[in-house]
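**Student:** Starting off with a structure, shown below.
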Amino acid sequence: MHKYSLDTMPTGQDGLERAARFLRKLYGELEQPEELALRLDQLNQIGSYAPTAKELEGAARMAWRNANRCIGRIYWKSLKLKDCRDLRQPEAIFEALTDHIRTSTSGGNIRPLISVFSPEVIIWNEQLIGYAGYRQADGTILGDPANLAFTDLCLRLGWRGEGTRFDVLPLVIQVNGEDPVCFDWPADAVLEVPIRHPDYPRLRELELKWYALPAISSMSLDFGGLSYPTAPFSGWYMGTEIGARDLGDAHRYNQLPRVAEIMGLDTSHPRTLWKDQAMVALNQAVLFSFERAGVKILDHHTASDLFETFEEVEDRQGRAVQADWNWIVPPVSGSATGVFHREYTNEVRTPNFFYRDRSPWQGAGHRTEFPRGAGLSCPYHRKSDADSWCREPR
Ligand code: ARG
Numbered sequence: 222m223h224k225y226s227l228d229t230m231p232t233g234q235d236g237l238e239r240a241a242r243f244l245r246k247l248y249g250e251l252e253q254p255e256e257l258a259l260r261l262d263q264l265n266q267i268g269s270y271a272p273t274a275k276e277l278e279g280a281a282r283m284a285w286r287n288a289n290r291c292i293g294r295i296y297w298k299s300l301k302l303k304d305c306r307d308l309r310q311p312e313a314i315f316e317a318l319t320d321h322i323r324t325s326t327s328g329g330n331i332r333p334l335i336s337v338f339s340p341e342v343i344i345w346n347e348q349l350i351g352y353a354g355y356r357q358a359d360g361t362i363l364g365d366p367a368n369l370a371f372t373d374l375c376l377r378l379g380w381r382g383e384g385t386r387f388d389v390l391p392l393v394i395q396v397n398g399e400d401p402v403c404f405d406w407p408a409d410a411v412l413e414v415p416i417r418h419p420d421y422p423r424l425r426e427l428e429l430k431w432y433a434l435p436a437i438s439s440m441s442l443d444f445g446g447l448s449y450p451t452a453p454f455s456g457w458y459m460g461t462e463i464g465a466r467d468l469g470d471a472h473r474y475n476q477l478p479r480v481a482e483i484m485g486l487d488t489s490h491p492r493t494l495w496k497d498q499a500m501v502a503l504n505q506a507v508l509f510s511f512e513r514a515g516v517k518i519l520d521h522h523t524a525s526d527l528f529e530t531f532e533e534v535e536d537r538q539g540r541a542v543q544a545d546w547n548w549i550v551p552p553v554s555g556s557a558t559g560v561f562h563r564e565y566t567n568e569v570r571t572p573n574f575f576y577r578d579r580s581p582w583q584g585a586g587h588r589t590e591f592p593r594g595a596g597l598s599c600p601y602h603r604k605s606d607a608d609s610w611c612r613e614p615r
């Protein structure tokens, strides 16, 4: 049965053509010509396009397949959809997303999942799960500097964290331009992994941890002339995202100097390569800890091999893989991975995921002055590659 939901959008001639093109592509790949004929008929009769859940899931899978900056795309067909387009109540949306993170985390056996909401629903977070960053009185930052502005916003909305380096941020939901609402996740819904090193027991003194589920909530799902601005998706981590970038970057948790100290490295000169040694140790620790906790994670060598397999599989389907080399090559040991030695064309195809080009509270139809007179700075316009992952030019 086809579901004609509230998100039917007036499409115009251009929109109808785009929708038809998408339907032809999807049902062509699925080899379902009868269903295609039926859907094209309906499209022409109704004069606007309302995707079915099946089409939405197909579009999301193709969007992942087309995400030029993602190394993990071989798994695109395993992505599952939660169709949340009928939800309008913040409480119900929060409940659906709590279910999303529980289902996708799946006790560590992570399953790729996307939840698609009505365009009236906006999530202000960049990721569903993230750690707060607080500017302290002495100017230093406690927690994740990448989330400084968003944390500030949450504080202005009345949220209070415990004040640790790893306070899980609340979910901020806005419906229909109303005042945004903050929700704290139930503690048992957010799986976290303490970071240990098999050979450097003293690493535990750093009291590091990270969350199991990366869930991007700052990208729209675009296809067939439609754009779903709220379509958070989640999967598993590649170790270097945490070990090299989140914990290693100087403008993030900046842990290399402390790891080096624990390892007893000579940090007197860059040429001792203490940063490189600490970098490898920290990445070993991340992979070891996730494995020990039973949480799915991929090392960058395996990820690179799988990406090359993905290229072969796609090639056999007659599809030329597009990729952004700068993003595909891991930040650690680049030339030791196969992808380093390959060349890619980087054309942007749709369906795809696109970063929203405005912060949620500046978007059309939403209040720009919230919170009133607070002179809010925009966390989405800071130049940070912290959680950039599949950012695409528009
Ligand atoms: N790089 C981001 C982070 O460190 C996560 C981006 C999505 N990654 C993924 N494996 N699905 O939090």
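Okay, so the sequence shown: first residue is 222 according to the numbering used here, each after it adds one.
Note that CB positions come from ideal geometry on N, CA and C, so glycine has one too.
#1: Taking the C-alpha atoms as reference points, what is the distance between LEU447 and TRP495?
#2: Grab the span of the beta strand (DSSP E) containing ILE344 for me, first residue to last.
#3: Using only the heavy atoms of the ligand ARG, determine whether one of them is closer than 6 Å to the beta carbon of PRO453.
#4: Near LEU261, which residues of its chain fall below 7 Å by C-beta distance, leaving aside the five closest residues on each side in sequence?
#5: Excluding the five sequence neighbours on either side, which residues of its own chain have a C-beta within less than 6 Å of the C-beta of ASP378, listed in chain order?
#6: What residue range is occupied by the uninterrupted beta strand (DSSP E) comprising LYS303?
#7: Using a Cβ-Cβ cutoff of less than 6 Å, which residues in the same chain neighbour ALA585 once the five nearest sequence positions on both sides are dropped?
#8: Under the assumption that THR566 contacts GLN543 (Cβ atoms under 8 Å), give the Cβ distance between them as a whole number of angstroms.
#9: Is the distance from the Cβ of ASN287 to the Cβ of ASN547 below 7 Å?
#10: For ARG375, which three-state DSSP category applies?
#11: Quick check on this structure: which residue in ASN330, ARG423, GLU529 and GLN310 has the alpha carbon closest to the alpha carbon of VAL550?
#12: Under the three-state reduction of DSSP, which class applies to GLY594: helix, strand or coil?
#13: Please confirm whether any heavy atom of the ligand ARG lies closer than 6 Å to the CB of ASP520.
#14: With contact counted as at least three CB pairs below 8 Å, one residue from each stretch, are the segment 308 to 319 and the segment 463 to 478 in contact?
#15: What separation, rounded to the nearest whole angstrom, lies between the Cα atoms of LYS430 and ASN330?
#16: Do the CB positions of ARG423 and ARG417 come within less than 7 Å of each other?
#17: With DSSP as the reference, label GLY328 as helix, strand or coil.
#18: Can you tell me which of the three DSSP states ASN573 falls into?
#19: Does the ligand ARG have a heavy atom nearer than 6 Å to the CB of ASP467?
#20: Name the one or two DSSP bridge partners that GLU413 has.
#21: Distance cutoff 7 Å, beta carbons only. Does GLU238 sit that close to anything in chain B?
#22: Can you give the beta carbon distance from ASN397 to PHE371, rounded, assuming they're within the 8 Å contact cut?
#23: Here's a check: name, in chain order, each residue in its chain whose Cβ is nearer than 8 Å to the Cβ of THR488, leaving out the five neighbours to either side.
#24: For PRO453 versus SER438, is the C-beta spacing smaller than 7 Å?
#25: Grab me the residues of GLY360's own chain with a C-beta within less than 8 Å of its C-beta, minus the 5 sequence neighbours each way, in chain order.
#26: Taking only heavy atoms of the ligand ARG into account, decide whether any of them is closer than 6 Å to the Cβ of PRO422.
#27: Rounding to the nearest angstrom, what Cα-Cα distance links LEU363 and VAL534 in this structure?
#28: From what residue to what residue does the alpha helix (DSSP H) around ILE549 run?
#29: If contacts are defined as beta-carbon pairs under 8 Å, then ARG323 and ALA433 qualify, I think. What distance do you get, rounded to the angstrom?
#30: Spatial neighbours of ASP520 within its chain, please: CB distance less than 6 Å, with the 5 preceding and 5 following residues excluded, ordered by chain position.
#31: How about LYS368 and GLY351: are their beta carbons less than 7 Å apart?
#32: Can you tell me whether TYR449 is helix, strand or coil according to DSSP?
#33: Could you tell me which of GLY236, ASP235, GLN234 and LYS246 sits nearest to ARG570, measuring between CA atoms?
#34: Tell me, to the nearest whole angstrom, how far the beta carbon of PRO419 is from that of ASP405; I am working on the premise that it is less than 8 Å.
#35: Taking a contact to mean a Cβ-Cβ separation below 7 Å, would you say LEU527 touches ILE295 in this structure?
#36: Report, in whole angstroms, the separation of the C-beta atoms of VAL646 and LEU302, which I expect to be a contact under 8 Å.
**Tutor:** In short:
#1: Just so you know, the alpha carbons of LEU447 and TRP495 end up roughly 50 Å apart.
#2: Boundaries of the beta strand (DSSP E) harbouring ILE344: 342 to 344, taken from the DSSP string.
#3: Look at PRO453: its beta carbon is at least 6 Å from all of the heavy atoms in the ligand ARG.
#4: The answer, listed in chain order, is ALA241 and LEU244.
#5: The amino acid at residue 378 is misidentified as Asp; the sequence shows Leu. CYS403.
#6: Residues 301 to 305.
#7: With a pLDDT of only 42 at ALA585, under 50, the local geometry of the prediction cannot be trusted, and the value read off the model is given with reservation. Hits under 6 Å: none found.
#8: Yes, they are in contact, since the Cβ atoms of THR566 and GLN543 sit about 6 Å apart, within 8 Å.
#9: Result no, Cβ atoms of ASN287 and ASN547 do not sit closer than 7 Å.
#10: It is worth fixing the name first, because residue 375 is Cys in this sequence and not Arg. DSSP places CYS375 in helix when its eight states are reduced to three.
#11: That would be GLU529, whose Cα lies nearest to the Cα of VAL550.
#12: Caution is warranted here: a pLDDT of 27 is assigned to GLY594, below 50, making its placement in the model unreliable, and no coordinate value can be reported.
#13: For the ligand ARG, not one heavy atom lies less than 6 Å from the Cβ of ASP520.
#14: No: the two stretches stay apart, fewer than three of their Cβ pairs being nearer than 8 Å.
#15: If you draw a straight line from the Cα of LYS430 to the Cα of ASN330, it is about 18 Å long.
#16: No, these two residues do not count as a Cβ contact at 7 Å.
#17: Here GLY328 sits in helix by DSSP.
#18: DSSP places ASN573 in strand when its eight states are reduced to three.
#19: Yes, the ligand ARG has a heavy atom inside 6 Å of this Cβ.
#20: Residue pairing by DSSP puts GLU413 in a beta bridge opposite TYR432.
#21: The displayed structure is made up of one protein chain only, and chain B is not part of it.
#22: ASN397 to PHE371, Cβ: 21 Å. No contact.
#23: In the same chain as THR488, and ignoring 5 residues on each side of it, the C-beta atoms closer than 8 Å to its own belong to PRO478, ALA481, GLU482 and TRP495, in chain order.
#24: Contact check for PRO453 against SER438 passes: the beta carbons are separated by less than 7 Å.
#25: Excluding sequence neighbours, GLY360 sits near nothing in its chain.
#26: No - the ligand ARG has no heavy atom lying nearer than 6 Å to the Cβ of PRO422.
#27: Rounded to whole angstroms, LEU363 and VAL534 show a C-alpha spacing of 45 Å.
#28: Judged by DSSP secondary structure, ILE549 falls within the alpha helix (DSSP H) whose first and last residues are 546 to 549.
#29: About 11 Å; that fails the 8 Å criterion.
#30: For ASP520, where only same-chain residues beyond five positions count, the Cβ hits under 6 Å are GLY460 and LEU508.
#31: The displayed chain sequence assigns Asn, not Lys, to residue 368. Contact flag set, yes.
#32: The three-state reading of DSSP puts TYR449 in strand, counting E and B together.
#33: Nearest to ARG570 by alpha-carbon distance, out of GLY236, ASP235, GLN234 and LYS246, is LYS246.
#34: Not confirmed; about 34 Å, so no contact.
#35: Less than 7 Å divides the Cβ of LEU527 from the Cβ of ILE295.
#36: Limits of the chain in this structure are 222 at one end and 615 at the other, which puts residue 646 out of reach.
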